[in-house]
Structure formats: C-alpha cells, structure tokens
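Peer 1: Just dropping this structure here.
2 protein chains.
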Amino acid sequence: MDPQPSALSSGAPTGMSTGVRGGASGGAPGGLRERKKIATRQALHEAALRLVLRDGLAGVTVEAIADAADVSRRTFSNYFSGKEEALLYGDRARMRDFLDTIRSRPAAETPWTAMRETMRSLRDTFGARGPGVTAQLRVLRKQPSLIVSQGAIFAELERELTAEFVARGATPALRAHLLAGTCLTAVRVATAQWIEEDGATPLPDLVDEALHILRPAFDD
Amino acid sequence: MDPQPSALSSGAPTGMSTGVRGGASGGAPGGLRERKKIATRQALHEAALRLVLRDGLAGVTVEAIADAADVSRRTFSNYFSGKEEALLYGDRARMRDFLDTIRSRPAAETPWTAMRETMRSLRDTFGARGPGVTAQLRVLRKQPSLIVSQGAIFAELERELTAEFVARGATPALRAHLLAGTCLTAVRVATAQWIEEDGATPLPDLVDEALHILRPAFDD
DNA sequence: GGCAAACTTGCGCAATGGGCAACTTAGGTG
DNA sequence: CACCTAAGTTGCCCATTGCGCAAGTTTGCC
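Line by line, the protein sequences are chains A and B.
If you count the first sequence from 1, you need to add 792 to reach this note's numbering.
If you count the second sequence from 1, you need to add 792 to reach this note's numbering.
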C-alpha cells in the first residue's frame, strides 16, 4: 500500500526501548516482550506517519492512530506523549545513532575532526533515504507544531554534543556550545535545502558543503 | 509586590497589535481601543510570568492567568494560543525589534556588517536587563515546553533573517540560510552562557564574543 | 445621536494527557 | 510443569485546553 512505509523512520529499529515509558528497567534484549514493544512502537510510528501524510496533523486524532496500530488510546500514551513525538520517532533514533557514533570516535580526536569523521561514517545512513522522502517531508514541514517538536530534539542533541565536545577539549564553554550549535545548524540548514531542491543534491554533500563554510571558524 | 514585573518583557510595549488576533485590521495607533488591547496583552503576559515563576508551568492553568489579569479564559485565547505564547511575548517583541532594526540598515551593507551593526545598536536594549532576570530565566528554562516554543520564535526569525540576507546579496541560498542560522545560534548560545554564569559578563559582550569566533567563516 | 466594526464573554464540544485499578501476559524459579 | 511476579495493556474518569458560535458591550466615526 505504501511503497516506503517507514521511509522517515530509522531503517532497522535500533533497539534500546527497555521500559515502555522512558525509564530504563532492565529487560532481556532478545525477549519476546522486548520485541513486542519495539514492534508496537514502530507500528504506532508508521500509523501516525501514514495518517498524518494523508489527513494532515490536525485531521488525525490520537485515537485514530492507536486504532490503526491496534492498540488502545491509553497505550498510545504509554509510548508517546503525543502525535508529534510519534512522528519524530525516526528523528530521535537518528539522533541516538549520531551520538553513539561520535562518542565512539577515538578520544584523542578534536571536536571538529570527530564531527567530520562522524558525518563521513553516517554518509550512507543519511544518504540512503531515497526520493519521495523529500516530498513527504515537505508536507510534514507545513505543520508548525512539528517543527517545534523537532526543535526539542535538536535542543537535546545540542546539549549532548556540547558535552562531548567539552570532553574532547573544546574551550571555553561558550566556544564548545557554539561549535555544537553551529554544527547542528549546518545539518538543519542542509536538510532544509535538500528538501527544498527536492533531493537534487545528496544530503551528505549538502552537509559537507555547509560544514566546509564553517571550517574557517572552527578547524584547529 | 514584584520588583521587576516585566523584566522579561519588552520594556515599553512596542505597539503594533492591530487586531486582537494576529490579522492586521487597521486601527487608530493612539486610540483608546488600541491602548486597552496592549494593556490587556501586557497584563496577561505579566500575570503569566508571575504565576509561572511561583507555581511552575504545569501548576498554572490558563484560567488562573486570565483571572489574574481580570479577563475571561476565552479572552486569553483571543490574545495568546497558550501559556507558552503568553510567557514568550517579550521574546517575540525583541524579535520584532531586531528584525525592524536590521531591515532599516543601509541596503548596501553586507549581511555580516548589517548583523554586526544591528547588534551594536541593540546593545543597550539587550544589555539593560538587570540582575535577577537571569535567575528568573533559569527557572523558566527548566520547562521543556517553553524551550520548545522558543524554538518556534527562532525558527520564524531564521526564515526572516535569511530573506534579509538574501536581499543583501548573500549567495548561494545554502550559505545565506546557514549564515542566518549561525548568527541566531550565536545569540542563543551567548544567552545560555549569560544565564549560566548569572550575568557575570554583559550579554552583549558574550554575543560579540560568539560572533567574533564565527567571523572567519562569514566576514567578506 | 446613532450605526458598524471590534472586542469580550459564556457556553459547548471534541481532544488530550495522565492517574488509577483491574486484567493479561512474558519470564524466571523451584 | 505449575506458579509467581513484574511488566504491559486497557478501560474509566477527570481536569485542562483550543476553538467555534452567538449574544452582549464598547469604541470609533459620521
């Protein structure tokens, strides 16, 4: 029915759910319980995506999404705090990927190098999202409350990234924070451009271009 | 009762309300009607601020704010779409100031120069916010939904600023957008730092410092 | 004075988020 | 395997919210 049902989500649901609500509460990684939770979360996400793309954010109720995923409205709340969060599940996953990747870079690398190499190694992940995705994203971008929720993700990411940069020796605090915020702005802006020009240039290339402009300010 | 009732708002409510809901609907600038509207908006804003600082965002209902400002809950909705918007009224006003200022710079100035001069001329406006404000802001910053709504303001600002930079000859689109986003990141980060160190360094100085770091990437 | 536009208010309604308690199920234990 | 416990699901309930609508009320202007 949908050629790319989870085009906007993380390809393979990258584990780590552990406790239907955020709290880490230990659980067998491969257990049935865990797999079911991930499946439910994914189902809710995809249902939300499908319905919202069809009817617009305002035209879809939480109940409708829950129904489409065969769970109760109450259960929806157990997984996501609202429609926005369900829709941005994929973005959150990508955020975790990004953080995991950059954290696993050699500790000796400077912030800028770690950033550059991280983007290089995620090239495939981000570049893989094929055509059609831009069109969908264009629709979703219309919804103000979504952009806003996106902001929450970036804010969190910025905090984490700043900490990572500080750990890599960025000083002073202002510069570390600025570096993190600026890198994320590069990603945001590149993505916006990518959507606008309908994927004409591969996303990773646009990010590279943006980072290249910033290089004179931060490359050590 | 409150030493700085509107510390977070714009000092003098910079006119331009014109139509209780956004839509510009012509109205005498000095008329009683217009003055009442501005007063009501300001009263709602201050009531929101006071109550939220006391009881936390979740601990205050729209109704309580409306009561404190002597209007009905329904009227609150006529002015603001929610608690967050009421709280951020001051930020929106500052955003408009900023845009008005930069737009009125000579058209021949490059984006970077216009930006620098705008910050210089707003130095007093932003620097004037005295001590105590940082403490309040620190409290407000705890509320996730507020940061998120702040993001909405910045997003809008980024769009407008990008357009302004394009008008001033910034190319290509990616660079113009990146420049706008980066400048705003500088402001955001500087403000965060300012709050964190409790106003030790004047905000304008921190913004200058941030912009100085970025200079190598954008100064033409 | 008097009219029209603008604003306020109360009422109603659907949607939402979240607490609570009963029920169901996965996972480990003797 | 029977059994127990913790985790997850669901229905029920309620306070809050955003908004449309249709009176009232006020302001601005001829």
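For each residue, glycine too, the CB sits at the ideal point set by N, CA and C.
All figures in this text were calculated on a predicted structure; none of them were measured in a lab.
Rounding to the nearest angstrom, what Cα-Cα distance links A:Val999 and B:Glu855 in this structure?
Peer 2: Here residue 999 of chain A refers to the residue found at position 207 of the first sequence. Here residue 855 of chain B refers to the residue found at position 63 of the second sequence. The alpha-carbon atoms of A:Val999 and B:Glu855 are separated by roughly 46 Å.
Peer 1: Can you tell which of B:Arg912, B:Phe872, B:Leu970, B:Glu876 has the C-alpha that lies nearest to the C-alpha of B:Lys934?
Peer 2: Counted from its first residue, the second sequence places residue 934 of chain B at position 142. Measuring from the Cα of B:Lys934, the nearest candidate turns out to be B:Glu876.
Peer 1: Less than 8 Å between CB atoms is the rule here; does B:Ala1009 satisfy it with respect to chain A?
Peer 2: If you number the second sequence from 1, residue 1009 of chain B lands on position 217. True, the Cβ-Cβ gap to chain A drops below 8 Å.
Peer 1: Mind listing the chain B neighbours of A:Ala984? Cutoff is C-beta to C-beta under 8 Å, in chain order.
Peer 2: Position 192 of the first sequence, counted from the start, is the residue given in the question as residue 984 of chain A. Residues of chain B passing the Cβ test: His969.
Peer 1: Quick one: list the residues of chain A neighbouring B:Arg980, beta-carbon separation under 7 Å, in chain order.
Peer 2: Your numbering for residue 980 of chain B matches position 188 in the second sequence. Those within 7 Å of B:Arg980 in chain A are Gly973.
Peer 1: Alpha carbon to alpha carbon, how far is B:Phe946 from B:Ile894? Give it in angstroms, no decimals.
Peer 2: Residue mapping note: residue 894 of chain B aligns to position 102 of the second sequence, counting from 1. Residue mapping note: residue 946 of chain B aligns to position 154 of the second sequence, counting from 1. Going from the Cα of B:Ile894 to the Cα of B:Phe946 covers about 16 Å.
Peer 1: Expressed to the nearest angstrom, what Euclidean distance is found between the alpha-carbon atoms of A:Arg1013 and A:Pro996?
Peer 2: This structure cannot settle anything about residue 1013 of chain A, because the visible part of chain A is limited to 793 through 1012.
Peer 1: Mind the definition here: the stretch 922-934 of chain B touches the stretch 860-876 of chain B only if three or more C-beta pairs lie below 8 Å; say whether that holds.
Peer 2: No: fewer than three Cβ pairs fall under 8 Å.
Peer 1: Of all the CB atoms in chain A, is at least one closer than 8 Å to the CB of B:Asp1000?
Peer 2: As a position in the second sequence, residue 1000 of chain B is number 208, starting the count at 1. Taking Cβ atoms only, chain A never reaches closer than 8 Å to B:Asp1000, which makes this a no.
Peer 1: Could you check how far apart the C-beta atoms of A:Ala861 and A:Leu836 are, in whole angstroms? I think they sit under 8 Å.
Peer 2: One-based indexing of the first sequence puts residue 861 of chain A at position 69. One-based indexing of the first sequence puts residue 836 of chain A at position 44. The Cβ separation is near 5 Å, so the contact holds.
Peer 1: Distance, Cα to Cα, B:Ala965 vs A:Val852?
Peer 2: Looking up residue 965 of chain B in the second sequence gives position 173. Looking up residue 852 of chain A in the first sequence gives position 60. The alpha-carbon atoms of B:Ala965 and A:Val852 are separated by roughly 34 Å.
Peer 1: Decide if A:Val931 is buried, meaning its Cβ has at least 16 other Cβ atoms within 10 Å, or exposed.
Peer 2: Taking the first residue of the first sequence as 1, we reach residue 931 of chain A at position 139. Exposed is the call here.
Peer 1: In the DSSP assignment, the alpha helix (DSSP H) including A:Arg930 goes from what residue to what residue?
Peer 2: Taking the first sequence and counting its residues from 1, one reaches residue 930 of chain A at position 138. Note, A:Arg930: alpha helix (DSSP H), 925-933.
Peer 1: Comparing alpha-carbon positions, which option in A:Met907, A:Gln834, A:Leu1006 lies nearest A:Thr954?
Peer 2: Residue numbering aside, residue 954 of chain A sits at position 162 when the first sequence is read from its first letter. The shortest C-alpha separation from A:Thr954 is found at A:Met907.
Peer 1: Does the distance from the C-beta atom of B:Asp990 to that of B:Trp904 stay below 8 Å?
Peer 2: By 1-based counting over the second sequence, the position of residue 990 of chain B is 198. By 1-based counting over the second sequence, the position of residue 904 of chain B is 112. The answer is no: Cβ separation not under 8 Å.
Peer 1: Count Cβ pairs between the stretch 934-944 of chain B and the stretch 969-978 of chain A that sit closer than 8 Å; are there 3 or more?
Peer 2: Taking 8 Å as the limit for Cβ pairs, the verdict is that the stretch 969-978 of chain A does not touch the stretch 934-944 of chain B.
Peer 1: So for A:Asp889, helix, strand or coil by DSSP?
Peer 2: To locate residue 889 of chain A, count along the first sequence from 1; it is residue 97. Reduced to three states, the DSSP call for A:Asp889 is helix.
Peer 1: Counting along the chain, where does the alpha helix (DSSP H) carrying A:Glu1001 start and finish?
Peer 2: Here residue 1001 of chain A refers to the residue found at position 209 of the first sequence. Note, A:Glu1001: alpha helix (DSSP H), 995-1010.
Peer 1: I believe A:Ile939 touches B:Leu970 by the beta-carbon criterion, under 8 Å. Please report the beta-carbon distance rounded to the nearest angstrom.
Peer 2: Sequence index remark: in the first sequence, residue 939 of chain A carries index 147 (1-based). Sequence index remark: in the second sequence, residue 970 of chain B carries index 178 (1-based). Not a contact, Cβ separation roughly 18 Å.
Peer 1: Does DSSP put B:Ala955 in a helix, in a strand, or in coil?
Peer 2: By one-based count along the second sequence, residue 955 of chain B stands at place 163. In the structure shown, B:Ala955 sits in a helix (DSSP, three-state: H, G or I).
Peer 1: Among the candidates A:Trp986, A:Leu824, A:Asp883, whose CA atom is the shortest distance from the CA of A:Glu948?
Peer 2: One-based indexing of the first sequence puts residue 948 of chain A at position 156. Ranking A:Trp986, A:Leu824, A:Asp883 by Cα distance to A:Glu948 puts A:Asp883 first.
Peer 1: Distance, Cα to Cα, B:Leu914 vs B:Phe890?
Peer 2: Your numbering for residue 914 of chain B matches position 122 in the second sequence. Your numbering for residue 890 of chain B matches position 98 in the second sequence. Going from the Cα of B:Leu914 to the Cα of B:Phe890 covers about 8 Å.
Peer 1: State the CB to CB distance for the pair B:Ala1009 and A:Ala1009, rounded to an integer number of angstroms; the pair is presumed to be in contact (CB under 8 Å).
Peer 2: Mapped onto the second sequence, residue 1009 of chain B falls at position 217. Mapped onto the first sequence, residue 1009 of chain A falls at position 217. Right, the Cβ-Cβ distance comes to about 4 Å (below 8 Å), so this counts as a contact.
Peer 1: So is A:Ala850 in contact with chain B if we call contact Cβ pairs under 8 Å?
Peer 2: Along the first sequence, read from residue 1 onward, the residue named residue 850 of chain A stands at position 58. Not an interface residue.
Peer 1: Going along chain B, which residues have a C-beta under 8 Å from A:Ala947?
Peer 2: As a working mapping, residue 947 of chain A is identified with position 155 in the first sequence. Correct list: Ile939, Val940, Gly943.
Peer 1: For B:Pro936, which residues in chain A fall below 8 Å Cβ to Cβ?
Peer 2: Your numbering for residue 936 of chain B matches position 144 in the second sequence. Ordered by position in chain A, the residues that pass the 8 Å Cβ test against B:Pro936 are Ala944.
Peer 1: Please confirm if A:Val962 has its CB atom under 8 Å from at least one CB of chain B.
Peer 2: What you label residue 962 of chain A is simply residue 170 of the first sequence in a count that begins at 1. In the sequence as presented, Val is not what sits at residue 962 of chain A; that position holds Ala. No, its Cβ sits nowhere closer than 8 Å to a Cβ of chain B.
Peer 1: What does the alpha-carbon distance come out to for the pair A:Gln985 and B:Ala968?
Peer 2: Start at 1 with the first residue of the first sequence, and residue 985 of chain A comes out as number 193. Start at 1 with the first residue of the second sequence, and residue 968 of chain B comes out as number 176. Straight-line Cα distance between these residues: approximately 11 Å.
Peer 1: If the cut is a Cβ gap below 7 Å, which residues of chain B does A:Ile1005 touch?
Peer 2: Taking the first sequence and counting its residues from 1, one reaches residue 1005 of chain A at position 213. Under the 7 Å cutoff, chain B gives Arg967, Leu970, Ala1009.
Peer 1: Do the CB positions of B:Tyr881 and B:Arg833 come within less than 8 Å of each other?
Peer 2: What you label residue 881 of chain B is simply residue 89 of the second sequence in a count that begins at 1. What you label residue 833 of chain B is simply residue 41 of the second sequence in a count that begins at 1. The answer is yes: Cβ separation under 8 Å.
Peer 1: Determine the contact status of A:Glu901 and A:Arg960, defining contact as a CB-CB distance below 8 Å.
Peer 2: Here residue 901 of chain A corresponds to residue number 109 of the first sequence, with the count starting at 1. Here residue 960 of chain A corresponds to residue number 168 of the first sequence, with the count starting at 1. For A:Glu901 and A:Arg960, yes; Cβs fall inside 8 Å.
Peer 1: Quick one: measure Cβ to Cβ for A:Ala982 and A:Ala962, integer angstroms, because I've assumed they're closer than 8 Å.
Peer 2: By 1-based counting over the first sequence, the position of residue 982 of chain A is 190. By 1-based counting over the first sequence, the position of residue 962 of chain A is 170. Wrong, their Cβ atoms sit about 22 Å apart, outside the cutoff.
Peer 1: Considering only residues of the same chain and omitting the five flanking positions on each side of A:Ser937, which have a CB-CB separation below 8 Å?
Peer 2: The sequence position of residue 937 of chain A within the first sequence is 145, counting from 1. Once the five neighbours on either side are set aside, the close Cβ partners of A:Ser937 are Leu849, Glu876.
Peer 1: I'd like to know whether the C-beta atoms of A:Leu929 and A:Ile857 end up nearer to each other than 8 Å.
Peer 2: Looking up residue 929 of chain A in the first sequence gives position 137. Looking up residue 857 of chain A in the first sequence gives position 65. Their beta carbons are not under 8 Å apart, which means A:Leu929 does not touch A:Ile857 by this criterion.
Peer 1: Would you mind reading off the limits of the alpha helix (DSSP H) that contains A:Phe872?
Peer 2: Walking along the first sequence from the start, residue 872 of chain A turns up at place 80. From DSSP, A:Phe872 is part of no alpha helix (DSSP H); its letter is neither H nor E.
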